Amino acid sequence: MSRLPSPDLARVSGDLEILASYRDPEAPGWTRRVFSGFDRAGREWVAARMQEAGLRVETDAAANLIGRLPGTGGLPGAIVTGSHTDTVHGGGRFDGIIGVLGAIEAVRCLRAAEVELEHDLVVVDFLGEEPNDFGLSCVGSRAISGALDEGHLALLGPDGRSLSEALAAAGGVPSALGGARWPEGLHCYVELHIEQGPVLEQARVPIGVVTGIAGIHRLRARFEGRPDHAGTTPMSLRRDALSGAAELALAIERLAQGGVATTGRLEIRPGAHNVVPGEADLWAEARSPDAQWLDSFGRAVADEFDGIGARRQLGTTLTWISREPPVTVTDWVADSIDQAATSLGNRVLRIPSGAGHDASHMARLGPMGMVFVPSRAGRSHCPEEWTDLEDIGRGIAVLVQALVVCDHRKEERSRGRRSGLDD
Ligand code: GLV
Ligand code: MN
Ligand code: MN
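Just add 46 to the spot in the sequence shown (first one is 1) and you have my numbering.
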């Protein structure tokens, strides 16, 4: 296999630093949440970098940023790579970001070596991969894969605005979302990402080849009780919505045996020291590579929820915001990444992903694979998130080589497999 130019680490480091400066100074860490002005400005900067690298850039109806380098073969289905540049509140500088900046650097490397792929090469900065104020993740990749539906668009945020309105304000066109779909599918999708867990670091292996991505089921549980005076209402007469939600959070923790489940957000109203909480909204999720476990977890949570509501005389509304099945990576894409990594002298470990990714959605359209690089101490979704520049460089070099290997696999048309429930 011919050697391609190595990524320019100084340039990658400079890009990471500049993008990190697009952050909310009022929030901890490197916060750049989707639908914020910081995210929009950051993505404008990314669009300019795409253009500079030689990509033809457009924004689709879902406000995805898409850069295309035409291939020489006029072949159907592009090779697609990318990730996201939005962050969680209080997030870090690498989650998603190295997949976008790494893809742009990969284009620069290919062009510097005058290597032309036969397939079109498409780089995507997907809109809003992290769960947003509406409770939905992967807005952009859902739209591209045809899984962003009317129910999602109608979800309401804390200020009463709908996801549809937020998308329009971010430059999307909700009424034309059909145009964001890719009916032609793709040759393959390859995403570079930080591991966000401790496995690679502990094994002292620089490159992870992902085997599959855990399924994620997300819910919102609303309890409605009665706001009352905190001093004069006897305990036996209260209908305390927060106490119901607290019971449910503990049940979710208990039911997580065999998978993982998290209550990550709780809102109570009216939210005063001296008022019995009248309303509580709890946002939780469960993840597992086992679709059956996710289904039985969901049934058990629904039973607990009904029981708590009945015992405490609380109104209850359970909404499943999204139910993503586990996804298996396509064998030939994983093998191509493995081959690319080992040809560059890297040790490789095959590992599953517990984190969710745009790749799960792109698997609806065609073959999919992912490259992981180590995360220091396995930390992620926090300001301490860190990956050494050398490891990022190694990951980009593997990405470049993997794109070339995948370009040669013209005979492969198999799809990534999604098991269990679909949206
Ligand atoms: C995305 O970062 C997720 O796994 O929630
Ligand atoms: Mn994330
Ligand atoms: Mn991510």
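Ideal Cβ positions, reconstructed from N, Cα and C, are used throughout, including at glycine.
None of these values were measured; they are calculated from a predicted model.
Check your understanding: With contact counted as at least three CB pairs below 8 Å, one residue from each stretch, are the segment 103–110 and the segment 157–165 in contact?
Key -> no
Review point. Under 8 Å, do valine 375 and glycine 217 count as touching if we go by C-beta distance?
Key: No. Outside cutoff.
Check your understanding: Does DSSP put leucine 284 in a helix, in a strand, or in coil?
Key -> The residue asked about is misnamed: residue 284 is arginine in this sequence, not leucine. In this structure, arginine 284 counts as coil in the three-state DSSP scheme.
Practice item. Over the uninterrupted beta strand (DSSP E) stretch that includes arginine 114, give me the two end residues. Key: 111–115
Check your understanding: Out of curiosity, what's the CA-to-CA distance linking threonine 133 and leucine 283?
Key -> Threonine 133 and leucine 283 have their C-alpha atoms roughly 43 Å apart.
Exercise for review: Could you pull out every residue in the same chain whose Cβ sits closer than 8 Å to the Cβ of glutamate 124, ignoring the five residues on either side in sequence?
Suggested key: Reading off the sequence shown, one finds alanine at residue 124, where the question assumed glutamate. Result list for alanine 124: Arg114, Gly117, His165, Asp166, Leu167, Val168, Leu232, His233, in chain order.
Practice item. Considering only heavy atoms of ligand 3, list every residue whose Cβ is less than 5 Å from one of them, following chain order. Key: Asp141, Gly142
Check your understanding: Are isoleucine 438 and glycine 142 closer than 8 Å when you measure CB to CB?
Key -> no
**Study point:** heavy atom of ligand 2 below 7 Å from glutamate 430 C-beta
**Key:** no
Point to revise | Three-way DSSP call (helix, strand, coil) for proline 177 in this model | key: coil
Point to revise | Same chain, Cβ closer than 7 Å to arginine 464, neighbours up to 5 away in sequence not counted | key: Only weak support exists for where arginine 464 lies, its pLDDT of 47 falling under 50; the coordinates are left without a value.
Practice item. Please confirm whether any heavy atom of ligand 1 lies closer than 7 Å to the CB of serine 406. Key: no
Review point. Where does the unbroken alpha helix (DSSP H) through glutamine 209 begin, and where does it stop?
Key: Just to set this straight, residue 209 is leucine in the shown sequence, not glutamine. Leucine 209 -> alpha helix (DSSP H) spans 209–215.
Review point. For alanine 222, which of helix, strand or coil comes out of DSSP?
Key: Note: alanine 222 maps to helix in three-state DSSP.
Exercise for review: Find out if the Cβ-Cβ distance for the pair threonine 533, alanine 295 is shorter than 8 Å.
Suggested key: With the chain covering only 47 through 469, there is no way to say anything about residue 533.
Point to revise | Given 8 Å, three or more beta-carbon pairs between the segment 377–394 and the segment 431–445 | key: Contact holds: three or more Cβ-Cβ distances are below 8 Å.
Exercise for review: Identify, in the order they occur along the chain, each residue of the same chain with its Cβ nearer than 6 Å to the Cβ of alanine 212, setting aside the five sequence neighbours on each side.
Suggested key: Cβ neighbours of alanine 212 beyond the five flanking positions: Phe81.
Exercise for review: Kindly identify the DSSP beta-bridge partner or partners of leucine 340.
Suggested key: Answer is none; leucine 340 lacks a bridge partner.
Review point. Would threonine 278 be called buried (16 or more neighbouring beta carbons within 10 Å of its own) or exposed?
Key: exposed
Point to revise | Spatially closest choice to histidine 25 from Asn320, Cys184, Pro122, by CA coordinates | key: Since the first residue shown for the chain is 47 and the last is 469, residue 25 is missing from the structure and cannot be characterised.
**Study point:** Closest Cα partner of alanine 332 within the set Arg345, Pro220, Glu325
**Key:** Arg345
Check your understanding: Over what stretch of residues does the beta strand (DSSP E) that includes tryptophan 329 continue unbroken?
Key -> 325–334
Check your understanding: Between proline 413 and valine 379, which are expected to be in contact by the criterion C-beta below 8 Å, what is the C-beta distance as a whole number of angstroms?
Key -> 5 Å
Point to revise | Pair within 8 Å by beta-carbon distance, glutamate 237 and threonine 127 | key: yes
**Study point:** Contacts around alanine 348, its chain only, beta-carbon distance under 7 Å, and the 5 residues preceding and following it disregarded
**Key:** Leu364
Check your understanding: Near valine 185, what residues of its chain come up, given a Cβ to Cβ distance below 6 Å and the 5 sequence neighbours on each side ignored?
Key -> Leu173, Gly174
Check your understanding: Going along the chain, which residues put their C-beta within less than 5 Å of some heavy atom in ligand 1?
Key -> Ala401, Gly402
Point to revise | ligand 2 heavy atom lying under 7 Å from the CB of glutamate 63 | key: no
Exercise for review: With a threshold of 7 Å, establish whether the CB of histidine 427 neighbours any heavy atom of ligand 2.
Suggested key: Relative to the non-hydrogen atoms of ligand 2, the Cβ of histidine 427 comes within a distance shorter than 7 Å of at least one.
Point to revise | Extent of the continuous beta strand (DSSP E) run through serine 187 | key: Element bounds for serine 187: not the beta strand (DSSP E) but the alpha helix (DSSP H), 185–190.
Point to revise | Proximal residues to arginine 264 (C-beta, below 6 Å), its chain only, five neighbours per side dropped | key: Glu331, Ile367, Ser368
Review point. Say the cut is 7 Å; is the CB of glutamate 241 nearer than that to a heavy atom of ligand 2?
Key: no
Review point. With distances taken between CB atoms, is the gap from alanine 405 to methionine 416 smaller than 8 Å?
Key: yes
Review point. Could you give the distance in angstroms between the alpha-carbon of alanine 66 and the alpha-carbon of arginine 139?
Key: Spanning the alpha carbons of alanine 66 and arginine 139 requires a straight line of approximately 6 Å.
Check your understanding: Does DSSP put glutamate 98 in a helix, a strand or coil?
Key -> helix
Practice item. State yes or no: is the C-beta of threonine 433 within less than 8 Å of the C-beta of isoleucine 240? Key: yes
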